[in-house]
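Visitor: In the UniProt record's numbering, the protein residues as written are 1 to 71.
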C-alpha cells in the first residue's frame, strides 16, 4: 500500500521577560510518501518552513527517511 500525507504545523514562542527577542510564531509544512507491506513500512518526508523569526535561521528544507521492520 502507498499513501501520501500533507501536514501543516504551527506554534508560538512565548515572550520571555529576560530576553526581549524571545517571541514570535512558527509555521511549517511537510509532504510525505508512505509505503506499507506485511513486515516492512517506510516513510519519506520533506519539510519546508513557511514562517519563523529571523533570528532562528530556519533550514531551507529538511528530509527524513524512516524504515520500520516487524518480526
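Yeah, the Cβ is synthetic: ideal placement off N, Cα and C, and Gly gets one too.
Since the model is a prediction, treat every value here as computed from it, not as a measurement.
Give the DSSP-derived three-state secondary structure of residue 17 in the structure shown.
Guide: Locating residue 17 in the chain shown gives position 17, where the first residue counts as 1. Reduced to three states, the DSSP call for residue 17 is coil.
Visitor: Reducing DSSP to helix, strand and coil, say where residue 23 ends up.
Guide: As a working mapping, residue 23 is identified with position 23 in the chain shown. Residue state, collapsed to three classes: coil.
Visitor: Please name the residue, chosen from 31, 57 and 19, that lies closest to residue 63 on a Cα-to-Cα basis.
Guide: Residue 63 sits at position 63 when you count from the first residue of the chain shown. It is 31.
Visitor: Ordered along the chain, which non-local residues of its own chain (more than five positions away) have a Cβ less than 6 Å from that of residue 8?
Guide: On the chain shown, position 8 is the one that residue 8 refers to. 29, listed in sequence order.
Visitor: Once DSSP output is grouped into helix, strand and coil, what is the label at residue 54?
Guide: Your numbering for residue 54 matches position 54 in the chain shown. Helix at residue 54.
Visitor: May I ask which residues mark the beginning and end of the beta strand (DSSP E) holding residue 64?
Guide: Taking the chain shown and counting its residues from 1, the one referred to as residue 64 is at position 64. It spans 62-69 - the beta strand (DSSP E) in which residue 64 sits, taken as one unbroken run.
Visitor: Could you have a look at residue 59 and say whether DSSP puts it in helix, strand or coil?
Guide: Walking along the chain shown from the start, residue 59 turns up at place 59. In the structure shown, residue 59 sits in coil (DSSP, three-state: anything other than H, G, I, E or B).
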